[in-house]
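Protein chains in written order, with this note's numbering: chain L, 6 to 565; chain A, 6 to 565.
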């Protein structure tokens, strides 16, 4: 297909207007040819060319973004002082996400390294210690994700950065990474005020840094989100954002002061701080229900509201989840590399120089590693498949995702426990059942994200996975595979407690293969269902689905 | 500025052709208005609007990508079986990068946890152990980055994935994460063949999985890079890629067999495997110089060549570097959270219940944490500033980046060493000097990336940082700040060895502030230089620079 000159000329003009600088005549002509061929040949364009167009689109976008910034910078040579160092914030946010996800999951390590005792006397104290450590892990995870959500909110307002903001953000990150230590102190010395004071100090300094960031960004409006840039009431926005940011540090300040008088009160205050948005939201809701007053600040709705459907950057939710899944998947290999290399002298003395015999002792630990890596990897895979079809992430979906990730963080620990105890002991059974429960909750919260998204499917989901969409059933199968398997294993181990370990290992091995043939399984299952329930109307479902699909695609509606 | 209908109509048509589905009339109109205003008002458009346009561009690209894929999928409802599960590979690659960067840096942990002894007798054996562990760390880093480079190369050919490829890739990742353990075994039992066999087994299985990935992708050509998709000699490409991929596993197979006969030979073979591309490249170069033969495979030049200027995905280099910097920055807080929370009974007995007194013992460790976090964070900041202005990454730049990252990985260890020894001892001085050397090399390799990029600046660098560009001097200052400071500290500690610790801590504290005021410092420095060397021509430099800038911007050349 040869492109007529009119189309390519028009494209060339628009490309220039969009600030798209073609890197050379060769690379310009190829996309043009493919675009025009897909635009002209209405239906005879084969799939390959269409995929080809899509690829070109992606590349063009990346390129045109880079080119447009260079174009914009090159046509404004006068603003040498102003913002020649302005940068896109993308990589800074990716780095922050990586740091925060590591910190959120790191506190599972002390939990995992608590050695279990079979001695009944010591068991009580170890269990107390374990409970403390698990509490620290969950508290850290909660606080760090709250700080992360605040960070997202801040950088949804500030969309471009310069060197100064990058350095301030690094200082903020350093304080966030210090938070887990303050929790460890609080948990170990609950009656000592030092932990509280350190925590409050960190939060206050972070609040001050964030306020400085906001003030700096508002003094250079080109760094801001363009909706605020073009707004007339910039000062109103600034005050609103500062008010929201400073709320937490001020409460921490009071918590710090109260800790000198009556330290239990500070813990209550700190708990209130975390749930403040939810409390204020529900109070407002109650007031509105009681008095019947309408929302009086429609302007501030875009940012820093705490509504459940406030948008949350999907890119950052994905980056944070990737970080957590990656660090959790590799936690066990850390331990294996450190602890499971036998000492040469021990091998010589105890095993007569046979390395293989020495390594066989560690057998269950390798199994635990592969099991936990596979489970975490597959949960990531399910998450990835889900978020491919999510078009907008809301605050509530983000919260459910956080819960799911908190359980994922506990997985390596659970897997490690399964081989700590003697075979067929009560402890082993308990450890296996705990693993099943953790997998179940990690999976069920992923399913919950999708269910919540379905309630507002027009905005949040791709047409394919909406009710009646082509991939709806398949997505349901993917999301419910792990919860179902975990539940099944749990009840099987209750009944056949003798074979609990074998059942668990069998589950570990079969699930990856189940994912490989899931599409086939779903199709066979559907065919069977159709055969059983409506053998006289074999093609009914497919027709409805296709008809539904047509009406659901907004682009077609726009063209006709 | 109101847009004339012709421009917006044309844009609307092209938007449709590009597959851009406007989410609503409101969001469509805003970009149109701003685009046309920037296109029409040639120079009266203020900075704010231009930034605004750029933001819109970014959003539009993201949106149009999402929309285009939904559009393309929606217009091809017939290919239900074929590739309805096709996905962009972006997130899979980000997750792989995160996993690989964690694995690459994890082996520094056993090095850091080797306790140093002041006892002269034990010192020898500890130093031997430390050397072994450092060798394992460097070897792992090298091998893992080689595997990562192979992964990049593979997914530059395969640009779209489906569920099956995602699962195969996860299996491949699991094997990569197991590699460090095989090295630990090799280092601890150098004369035992089990480590070699395990390593060779992992590499061979990885080779088989990668071959399966390639065969699978070539059987579904819509998954491939479009340059291969439209190529006629697809089979040639397939064979070439398979040949390159299988080279390493086959050599490992032989190394495994030789290990039974003469295990030293297998180590030599494994070393050859790593440097194979460089060896074959230099052999080919020698042959070409000797015989004068020209390159006979110009078609295969795009992928799987090992030329120093072979492009390497810039996005993935950034993602990998971010992962390494993030994990290195948080390594010390891991240790602090685990080891530096005192036991309540110890506090009660030894410090009379005073927690502050108990924590003062750990003072130097907090300092080491903040120092290493700040240094790693600032090195990330320099890396970030450099890569903002890099437009294309080559293989050679990637190699230098890897060297820089390998030194960055050693930083927390060096910082931890600085407080392990008694004050003013010879060991303390050595530890501080090692820290300086590590910082120096990490910084100098970053500088080297820029210098290499400057040799081919038209392709690899943004006009701003080329010779005579507006940010050239500033970038030089940023990149050379850490090497210069490290070198200065090193020599100062040699001269004033009494005050080495104070000098080092002073350096840690001042460098962040130096970065904050660097722009000012550079300007003052340049003004001073001008005053000293050419006081009669005060504005010469600025004029040259601006004139230079005009000629260097390709977009202007294209418009005129």
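Where is the CB? At the ideal position from N, CA and C, for every residue including glycine.
(request) For residue 477 of chain A, count neighbouring Cβ atoms within 10 angstroms of its own Cβ and tell me buried if that reaches 16, exposed if not. (result) buried
(request) Measure the alpha-carbon distance for residue 95 of chain A versus residue 538 of chain A and round it to whole angstroms. (result) 52 Å
(request) Indicate whether the contact test is met: 3 or more Cβ pairs, each with one atom in the region 171–178 of chain A and one in the region 230–244 of chain A, closer than 8 Å. (result) no
(request) Confirm, please, whether the CB-CB distance from residue 340 of chain A to residue 569 of chain A is below 9 Å. (result) For residue 569 of chain A there is no data in the structure shown, the boundaries of chain A being 6 and 565.
(request) Taking C-beta pairs closer than 9 Å, name the residues in chain A that residue 92 of chain L reaches, listed in chain order. (result) 389, 390 and 393
(request) Could you name the residues of the same chain whose beta carbon sits closer than 8 Å to that of residue 518 of chain L, not counting the 5 residues immediately before and after it, in chain order? (result) none
(request) Give the single residue among A/462, A/440 and A/211 whose Cα lies nearest to the Cα of residue 149 of chain A. (result) A/211
(message) Counting only Cβ-Cβ distances shorter than 8 Å, please list the residues of the region 324–343 of chain A near chain L, keeping chain order.
(response) 324, 327, 328, 330, 331, 332, 334, 335, 338, 339, 341, 342 and 343
(request) Could you give the DSSP three-state label for residue 164 of chain L: helix, strand or coil? (result) coil
(message) Does the CB of residue 193 of chain A have a neighbour CB from chain L at under 9 Å?
(response) yes
(message) Less than 9 Å between the C-beta atoms of residue 219 of chain L and residue 253 of chain L, yes or no?
(response) no
(message) Output needed for residue 352 of chain L: all residues of its chain with C-beta closer than 8 Å, excluding positions within five of it in sequence on either side, in chain order.
(response) 358, 359, 360 and 363
(message) Excluding the 5 residues flanking residue 145 of chain L on each side, which residues of the same chain have their C-beta closer than 6 Å to its C-beta?
(response) 112, 185 and 188
(message) I'd like to know whether the C-beta of residue 382 of chain L is nearer than 9 Å to at least one C-beta of chain A.
(response) yes
(request) Output, in chain order, the set of chain L residues within a Cβ distance shorter than 8 Å of residue 179 of chain A. (result) 375, 378, 379 and 382
(request) Flag residue 361 of chain A as yes if its beta-carbon sits less than 9 Å from any beta-carbon of chain L, otherwise no. (result) yes
(message) So residue 385 of chain A contacts chain C; which residues on that side make the cut at Cβ distance below 7 Å?
(response) Protein chains L and A are contained in the structure displayed, whereas chain C is not.
(message) Short of 7 Å in beta carbon distance, which residues of its chain neighbour residue 180 of chain A, apart from the five on each side in sequence? Order them along the chain.
(response) 207, 210 and 211
(request) Could you check if residue 406 of chain L is buried or exposed, using at least 16 other CB atoms within 10 Å of its CB as the buried criterion? (result) buried
(request) Label residue 587 of chain A either buried or exposed according to how many other C-beta atoms from any shown protein chain fall within 10 Å of its C-beta, with 16 as the threshold for buried. (result) Examination of residue 587 of chain A is not possible in this model, given that chain A is present from 6 through 565 alone.
(message) Is the separation between the beta-carbon of residue 391 of chain L and that of residue 251 of chain L shorter than 9 Å?
(response) no
(request) Take residue 414 of chain L as the anchor and find which of L/533, L/397, L/381 and L/156 has the nearest alpha-carbon. (result) L/381
(message) Against residue 197 of chain L, what residues of chain A qualify as contacts under a CB-to-CB distance less than 7 Å, listed in chain order?
(response) 360
(request) Could you pull out every residue in the same chain whose Cβ sits closer than 7 Å to the Cβ of residue 194 of chain A, ignoring the five residues on either side in sequence? (result) 200
(request) Anything in chain L within Cβ reach of residue 107 of chain A, meaning under 8 Å, just list it in chain order. (result) 331, 332 and 335
(request) Note down, in chain order, each residue of its chain lying with its Cβ closer than 7 Å to the Cβ of residue 326 of chain L, except the 5 sequence neighbours on either side. (result) 388, 406 and 410
(message) Can you find the residues in the same chain that come closer than 7 Å, C-beta to C-beta, to residue 458 of chain A, ignoring five residues on each side of it along the sequence?
(response) 395, 402, 465 and 466
(request) Go ahead and pull the three-state DSSP assignment for residue 395 of chain A. (result) strand
(message) Quick check: what's the CA-CA separation for residue 283 of chain L versus residue 226 of chain A?
(response) 50 Å
(message) Determine, for residue 280 of chain A, whether the minimum Cβ-Cβ distance to residues of chain L falls below 9 Å.
(response) no
(request) May I ask you to list the residues that DSSP assigns as paired with residue 316 of chain L? (result) L/399
(request) Note down, in chain order, every chain L residue with its Cβ under 9 Å from the Cβ of residue 240 of chain A. (result) Correct list: empty, because the minimum Cβ distance to chain L is about 16 Å.
(message) Please return the same chain residues whose Cβ sits closer than 6 Å to the Cβ of residue 223 of chain A, not counting the five positions on each side in sequence.
(response) 243
(request) Ignore the nearest five residues each way along the sequence and tell me which others in residue 470 of chain A's own chain have a CB closer than 7 Å to its CB. (result) 394, 476, 477 and 480
(request) Measure the C-alpha to C-alpha separation of residue 523 of chain L and residue 356 of chain L and round it to an integer number of angstroms. (result) 45 Å
(request) Run down chain A in chain order and give the residues with a C-beta less than 9 Å from the C-beta of residue 112 of chain L. (result) 342
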